[in-house]
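Read the structure below first, then the notes.
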Amino acid sequence: MSGGSAGLRQGAVDAAATAGRFAEEAERDRALRPEVAKALVAAGFARHFVPRRWGGAEGCAVDLLEAAALVGEQCASAAWCGSLTAGAARMGVFLPERGQAELWADGPDAVVAGALIPSGRARAVDGGWRLSGEWSFTSGVDFSDWALVAGLVDDRPWFFAVPRADYDVRDTWLPVGMRGTGSNTLVLADAFVPAHRAFDREDMLRGRAVGSAAPTHAVPLRTISGVLFAAPALGAARGALREWSAGVSGEDRSTRLTAARTATELDLADFLLRRVAQTCDRGGTTPADAVRNPHDCALAVDRLVDVVEALFRTAGSRGQLATSPLQRFWRDLHTLAGHVALRLEPTGVAYGGFLLDAR
0 MSGGSAGLRQ
10 GAVDAAATAG
20 RFAEEAERDR
30 ALRPEVAKAL
40 VAAGFARHFV
50 PRRWGGAEGC
60 AVDLLEAAAL
70 VGEQCASAAW
80 CGSLTAGAAR
90 MGVFLPERGQ
100 AELWADGPDA
110 VVAGALIPSG
120 RARAVDGGWR
130 LSGEWSFTSG
140 VDFSDWALVA
150 GLVDDRPWFF
160 AVPRADYDVR
170 DTWLPVGMRG
180 TGSNTLVLAD
190 AFVPAHRAFD
200 REDMLRGRAV
210 GSAAPTHAVP
220 LRTISGVLFA
230 APALGAARGA
240 LREWSAGVSG
250 EDRSTRLTAA
260 RTATELDLAD
270 FLLRRVAQTC
280 DRGGTTPADA
290 VRNPHDCALA
300 VDRLVDVVEA
310 LFRTAGSRGQ
320 LATSPLQRFW
330 RDLHTLAGHV
340 ALRLEPTGVA
350 YGGFLLDAR
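With the first letter of the sequence shown counted as 1, position 325 gets the number 324 in numbering that gives the first Met the number 0; the numbers rise by one all the way through.
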C-alpha cells in the first residue's frame, strides 16, 4: 500500500473526513474500510517516523498526537490504526541496516503491524531464525504490508520483521468498543526470518536505533509508547463533546456546568499528553521521563473516560440510541482505556516509587 503525504496535519484533516463517513461501516464490519486505510497512508501516518534516508518524514511526537487526535474526533478506531501504524514503523529503526532497507524497499509508506507481546518462539537456523506463534489483538493487521512481532529466543524477547506473504490472519476481533480496529490474530507457522530482520527487544527499550540519532528514534519505548495509545482517546473525547453539545439545551444550569467541567478536563488531558510528546521530541530523555510519561498518559486517559462518562449520563435518551455517535465514543473510550499501557495503577506505582526512592 502506498500514498503520498502533504504534511501529516493536513493529511489528517482529509483522513478524518473519510473516517467519519465510514465510521458506522467500521463498527459493523469490525474493520476499517479500504478507503479509510488508504486515507491514513495518504495522510502520512505510515511514513511519519520512518527515517529521512528511506524517504520518510522522520517526524515528531507532537505532530502525531495532533494528527491522531484529529482523526479520533471522527473515528477512534481509525485514529488508533493510524497512530499504531506510525509506532510500528518506528520499531523498524532498530533493525540492522539491511533489514531496514528491505522493510522500506518499496518506499516509506509500507504499513507495518506491531505485536509487542512475545507470543512466538524462534529457533536459530543457518542464516537466521525459524519463527512460529500467534499474536492476538494485532491492530491494523488486515491491511498491513509487514509485521514486527515479538518472540522468545531462549526466553529472551526479540523482534522479527516478516512480510505479509509469510503470515495468516485469523478473524477473532469481537469487542464491545474500538470495533473498527480489526485487531485480529496474526499467525506464523515455521517462517524463516533472516538474521538481518531481527533485533533484541532491549535495543528498543533503551532507544538504541540503528543509523539514526533523531530524538523520536533514540527515545526508549516506554517513554513514547503511551502517547501513541492515548492520542486517539483525546480525539474521541473531543468528538463526544461535540456530539453532546449539539443535542442539549444551553439554558439549563447543570448542562452548563457539565460543559465547563468536561471542556476543562479535556484541556488538562491535552496538556499532559502534549508534555509527554514534547519530552520525546526534545531528546535526551531521563529515567524520570521514563516513569512519568507512562503515568501522565494513563492519567490523561482516565480523565478522558470521566469526560465521556459525564457526557453520556447527561445526554438523555438520544445518547442511548444505537445510531448515536456519542455511545460509540463512550464504548471506544472505555475499551481503549483498558489497554495495558494505559492502566493507572501500575504506572502510578512505578512513578510514585521513583519519586519516593529519589528522596
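Backbone N, C-alpha and C fix where the C-beta goes; we use that ideal spot for every residue, glycine too.
Bear in mind that the values here come from a model prediction, so they are computed numbers and not experimental data.
Across the structure, A15 and A41 are spaced so that their CA atoms are roughly 12 Å apart.
With fewer than 16 other beta carbons inside 10 angstroms of its own, T171 counts as exposed. When the five nearest sequence neighbours on each side are left out, the beta carbons in the same chain lying within less than 6 Å of the beta carbon of A78 are those of A67, V70, G71, P231 and G234, in order along the chain.
Just so you know, the alpha carbons of R32 and S182 end up roughly 14 Å apart. Around A188, the same chain offers S131 as residues with beta carbons nearer than 6 Å, after the five sequence neighbours per side are excluded. The bridge partners DSSP lists for W157 are G150 and D199. Contact between V148 and A109 fails: their C-beta atoms lie close to 15 Å from each other, not under 8 Å. Contact between P193 and R205 is absent: CB atoms are separated by about 24 Å, not below the 8 Å threshold. In the DSSP annotation of this structure, T257 is not part of any beta strand (DSSP E); the continuous alpha helix (DSSP H) holding it starts and ends at R252 to R281. Here T215 is near C59, since their CB atoms are less than 8 Å apart. E24 and Q73 have their C-alpha atoms some 13 Å from each other.
For D269, the CB contacts under 7 Å within the same chain, skipping 5 residues up- and downstream, are L233 in chain order. Listed in chain order, the alpha helix (DSSP H) runs fully inside the stretch 204-238 are 214-217, counting runs of at least 4 residues. For D295, DSSP records no beta bridge to any residue. Around the Cβ of S76, a 10 Å sphere holds 16 or more other Cβ atoms; the residue is buried. The beta carbon of D202 lies closer than 6 Å to those of F93 in the same chain, with the five residues before and after it left out. In this structure, L271 and D295 form a Cβ contact; the two beta carbons are roughly 4 Å apart against a cut-off of 8 Å. For T171, the secondary structure class from DSSP, reduced to helix, strand or coil, is coil. At the C-beta level, G54 and W103 come within 8 Å of one another.
Here the stretch 243-250 does not lie against the stretch 172-180, with fewer than 3 beta-carbon pairs under 8 Å apart. Excluding sequence positions up to five before and after W134, its CB lies within less than 6 Å of the CB of A114, S118, V148 and L185, all in the same chain and listed in chain order. Between A236 and L265, the C-beta gap is smaller than 8 Å, which places the two residues in contact. Membership of L332 in the alpha helix (DSSP H) is indicated by the continuous run P324 to A336.
In the three-state scheme derived from DSSP, where H, G and I count as helix and E and B as strand, R120 is classed as strand. When DSSP reads this structure, F191 sits in a beta bridge with R129.
A buried status is given to T17, since no fewer than 16 other beta-carbon atoms sit within 10 Å of its beta-carbon. If the five residues before and after D62 are omitted, its C-beta is found closer than 6 Å to the C-beta atoms of L7, all from its own chain and listed in chain order. For E57 against A213, the beta-carbon gap comes to about 5 Å, under 8 Å, which counts as contact.
C-alpha of F158 to C-alpha of G315: approximately 48 Å in a straight line.
In the structure shown, F353 adopts helical secondary structure according to DSSP, grouped into three states. If one requires a minimum length of 3 residues, no beta strand (DSSP E) run lies completely within the stretch 86-113.
Counting C-beta atoms within 10 angstroms of its own C-beta, E344 has fewer than 16 neighbours from the protein chains shown and is therefore classed as exposed. The Cβ-Cβ distance between D141 and A30 falls below 8 Å. Comparing alpha carbon positions, the residue from R291, R330, P293 and Q319 closest to D305 is R330. Annotation: G98 to Q326 spans about 43 Å, alpha carbon to alpha carbon. With respect to V124, T84 sits apart: the two C-beta atoms are not nearer than 8 Å.
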